[in-house]
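Participant:
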Amino acid sequence: MSESDPGLFGPDSITWRVHREPIVSVGGLRSLYLQALHPRAVAGVEQNSRYRQDPWGRLARTSTYVTTVIYGTTEEAERAGRRVRAIHSRMTAVDRRTGERFRVDEPELLRWVHITEVESFLTAARRGGLRLTAAEADAYYAEQTRTAALVGLDPATVPDSVAAVEDYYAEMLPSLELTVDSAATGLFLTVPPLPYGLGLTPVRGFSLGVSALAIGLLPGWARRLYGLPPLPGADGLTSMNTLFLGRLLRSVPIEWIQSPARKRAMERLGLRN
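No gaps in the numbering here: position 104 of the sequence shown is 112 in our numbering, and each next residue is one more.
(1) Output needed for Thr209: all residues of its chain with C-beta closer than 7 Å, excluding positions within five of it in sequence on either side, in chain order.
(2) Tell me Arg109's beta-bridge partners as DSSP assigns them.
(3) Using the beta-carbon count (16 or more within 10 Å), is Met9 buried or exposed?
(4) Whose C-alpha, out of Val121, Gly80, Pro182, is nearest the C-alpha of Val161?
(5) Pick helix, strand or coil for Met9, following the three-state DSSP scheme.
(6) Taking the alpha-carbon positions, what's the Ala157 to Val102 distance?
(7) Take Ala49 as the anchor and find which of Gly18, Arg231, Met180 has the nearest alpha-carbon.
(8) Using a Cβ-Cβ cutoff of less than 7 Å, which residues in the same chain neighbour Val112 once the five nearest sequence positions on both sides are dropped?
(9) Helix, strand or coil for Arg90? Go by DSSP, reduced to three states.
(10) DSSP three-state call for His46: helix, strand or coil?
(11) Helix, strand or coil for Glu275 per DSSP?
(12) Do Pro63 and Pro200 have their CB atoms nearer than 8 Å?
(13) Take every Cβ of the segment 220 to 227, pair it with every Cβ of the segment 73 to 85, and state whether three or more of those distances are shorter than 8 Å.
(14) Pick helix, strand or coil for Arg135, following the three-state DSSP scheme.
(15) For the segment 206 to 251, list the alpha helix (DSSP H) runs that are entirely contained and at least 4 residues long, ordered along the chain.
(16) Taking C-alpha atoms, which residue in Trp264, Pro182, Gly278, Tyr73 lies nearest to Leu233?
(17) Quick one: what's got a C-beta closer than 8 Å to Asp175's C-beta in the same chain, skipping five residues either side?
(18) For Val32, I'd like the list of residues in its chain whose CB is within less than 6 Å of its CB, leaving aside the five on either flank, ordered along the chain.
(19) Thinking just about the alpha-carbon of each residue, which of Gly194, Glu116, Ala269 is nearest to the one in Ala68?
(20) Roughly how many angstroms separate the alpha carbons of Arg119 and Glu108, rounded to a whole number?
(21) Using the C-alpha atoms, what's the distance from Leu256 back to Asn249?
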């Protein structure tokens, strides 16, 4: 593999522009709230993952996967995808509503996780101040069909534009609901255990603030499924806070907070921040 291999996307892609925004991390948390509303998706996680025992380790592994796929070489991205496919291929779970056992790598579940993730990244970046045209937003979804292929999806079955994603959510809505697993997961995401005794420090307040922001960024239908009452002015406050946080994080020198994968990509391609 050439040392100048840009990977699946490269520095001129919309994907690199979106993921340069530090606030996409809030989008990642938002996607977990959305994913938990699919009964089978959340059951698959609850019955196969040790995220409750090691939430920060799981977060680190997920972040490493995402940044490897975005910034790694083509070979590195494909290897990461093969590893995820191999893990998923061995996993099954039981639908608590019907008693039916299912595979966690069913296309419907993979597609749900993929769309909620990329839509959340894009939403957080745009509402955090990243200016993209409608065509550029569509291009982001089109580019992200490459990451969908890595986990085993046929790219032709993956929504690849803003309109297609909106239609997809409308199509999925009747099959979404708040289950016991969903509620437990949502509570865990909102008040996760903090390491090193930080739960008794101001860090807990910051953590709650990030969770509240992620919840505020959810679509109205998702907040309703969680049973959250509409609050007058809440959307405006969320927009203001997201924009403020996005601009604040953007003022931090990128070399201070960039992922190791991005740093290696910049060096590999001979680029400067």
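All C-beta atoms in this analysis are idealised placements derived from N, C-alpha and C, irrespective of residue type, glycine included.
Note that the structure is a prediction, hence the values are computed from the model and not measured.
Facilitator: Straight from the coordinates:
(1) If you ignore the 5 residues before and after Thr209, its C-beta comes within less than 7 Å of no other C-beta in its own chain.
(2) Val102
(3) Low confidence applies here, because Met9 scores a pLDDT of 44, under 50, leaving its location unreliable; read the following figure in that light. By the neighbour-count rule (16 or more Cβ atoms within 10 Å), Met9 is not buried but exposed.
(4) Note that residue 161 is Leu in the sequence shown here, rather than Val. That would be Val121, whose Cα lies nearest to the Cα of Leu161.
(5) With a pLDDT of only 44 at Met9, under 50, the local geometry of the prediction cannot be trusted, and no value is derived from it.
(6) 26 Å
(7) Met180
(8) Gly52, Asn56, His96, Met99, Thr100, Ala101
(9) helix
(10) coil
(11) Of the three classes helix, strand and coil, the one that applies to Glu275 here is helix, per DSSP.
(12) yes
(13) no
(14) helix
(15) 211 to 224, 228 to 233
(16) Pro182
(17) Pro167
(18) Phe129, Ala132, Ala133
(19) Ala269
(20) 20 Å
(21) 10 Å
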